[in-house]
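The structure appears right after this line, and notes come after that.
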Amino acid sequence: MVFGVETAVPTKESEVSTAQGHLLLSPRTLSSTLLEFSFSNSGDPTLYEPYWKKMGDRSKMVISGDELMSYFSNSVICVDLPCCSLRPLIPDRPKPISVVAAAPFYSSYPMETEFLQSRLYKWSGDANRFDEDEAYIEVVTSPNNPDGSIRGTVVNLEGGKSIHDLAYYWPQYTPITHKADHDVMLFTFSKATGHAGSRMDGDIHRGEQHRCIQRIPASCRHYSRSRRRRLPEPRARRSNFFEHGRGLMSDRWERLREVVMKSNGAFSLPEYPQGYCKFTGEYTNSNPAFAWLRCKEGLKCEDVLREECGIMTRGGTSFGVVATYARVSMLVLTLSLTPCLEGYRLLSGTLNGN
């Protein structure tokens, strides 16, 4: 997928109209942020690239000749998500089962569910509004994508089942407060180490392995087992990687919050409580992979960030909420929000009626 910027950088001072005022930014301010933010729409974890370059040969892997000799392993692992996770949970019934998630929900869930046009399941929207007296599947993302909140099930009705998406349940993003112990769990190592190209994603189904294998589509089961080995393991230094990642994310969030505070209310961010992390053995802060940025009322945050800064984000409507929100990736290789967001100090006086 390729992201770009819809309009070229103007050759003179740019005036952008908003619902309640005007913001003047110079072409230099716009162009300085253009390249750095053009990929902020995705969760591509390129920020860890310098770490692995420094590791060099210490992160190489060797596969011996007697390994990978079977199609199967001792666990049920799928990579085509969420299709593979849904299939084993669907009861035999004449009509499709409802799939829900609490808003703001991961934007790909409705898109993928509807794109497949399956007769087995259908997207039924916000779990907070679901009150049907029928079987359903609730997808619980924790930490949540896009807002970083820690979540549990919402519907809790009889006949329901849940899938817990734990893609960002890693110590650099959130305190590891408990052992993940759900019947169906999605995970991805790409968000842990940054190796998204390995496609080492999957799910774990608790229960009878043979039954799960029968009900999971063949396209999900039969993939190269070498994917499971395409993850660098720095062995004695692996805890240092999470320490490095936590420090990196903490620094980015600290800088972002400083900039948002200077906007005088034009922008705001969620607050996250500290938690005792069983991985680190200390109290740590949450540093989510995405910033859930809220703009002043009357502004469409996605449009503002794109037109002012060249930042390609996803607006709140993609996640089932209002357009005053936008999701900005904190995982890009280069992150420098200051030149763009500080410009909103020029706008904040108008927005606040001063």
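Per UniProt numbering, the very first residue in the sequence shown carries number 1; after that it's consecutive.
We treat Cβ as the ideally placed atom computed from N, Cα and C, and that holds for glycine.
- Starting from K53 and walking both ways along the beta strand (DSSP E), at which residues does that stretch end? From DSSP, K53 is part of no beta strand (DSSP E) but of the alpha helix (DSSP H) over E49 to M55.
- Which parts of the UniProt domain "Alliinase C-terminal" (238 to 331) are runs of the beta strand (DSSP E), unbroken and 3 residues or longer, counting only runs that do not cross its ends? 275 to 277, 282 to 284, 290 to 295 and 325 to 329
- Task: Measure the alpha-carbon distance for S329 versus E158 and round it to whole angstroms.
- Result: 37 Å
- When the Cα atoms are used, what is the spatial distance from M312 to Y48? 21 Å
- Task: State buried or exposed for Q172, treating a residue as buried only when at least 16 other CB atoms are found within 10 Å of its CB.
- Result: buried
- Query: CB S268 to CB V260, shorter than 8 Å?
  - Reply: yes
- Reduced DSSP secondary structure (H/G/I, E/B, other) of E132: coil
- Is Y51 near the ligand NAD, going by C-beta to nearest heavy atom under 7 Å? In the structure shown, the ligand NAD is absent, as is every other ligand, since no ligand is present at all.
- Query: Contact between the segment 316 to 330 and the segment 291 to 307: three or more CB pairs below 8 Å?
  - Reply: yes
- Using the Cα positions of T334 and N287, report the straight-line distance between them to the nearest angstrom. 17 Å
- Message: Between which two residues does the beta strand (DSSP E) holding T188 run?
- Response: V184 to T188
- Query: With a cut-off of 8 Å, does the C-beta of S124 fall near any C-beta of chain C?
  - Reply: Note that chain C does not occur in the displayed structure, where there is just one protein chain.
- Task: Go to Y109, then tell me how far its alpha helix (DSSP H) extends in each direction, as first and last residue.
- Result: S108 to L116
- To the nearest angstrom, report how far apart H182 and A291 are at their CA atoms. 27 Å
- Task: With a 10 Å radius around its C-beta and 16 neighbouring C-beta atoms as the bar for buried, classify Y168 as buried or exposed.
- Result: buried
- Message: My assumption, with CB atoms under 8 Å, is that Y136 sits in contact with P96. Please give the rounded CB distance.
- Response: Contact doesn't hold; Cβ gap of about 11 Å is too wide.
- Using only alpha-carbon positions, find the residue among T280, E307, H244 and R129 that is nearest to T193. H244
- Look at S98 and S124 and say whether their C-beta atoms are less than 8 Å apart. yes
- Count the other CB atoms within 10 Å of the CB of R93; is the residue buried (16 or more) or exposed (fewer)? exposed
- Reduced DSSP secondary structure (H/G/I, E/B, other) of K191: helix
- Query: Hey, how far is the Cα of D303 from the Cα of D57?
  - Reply: 44 Å
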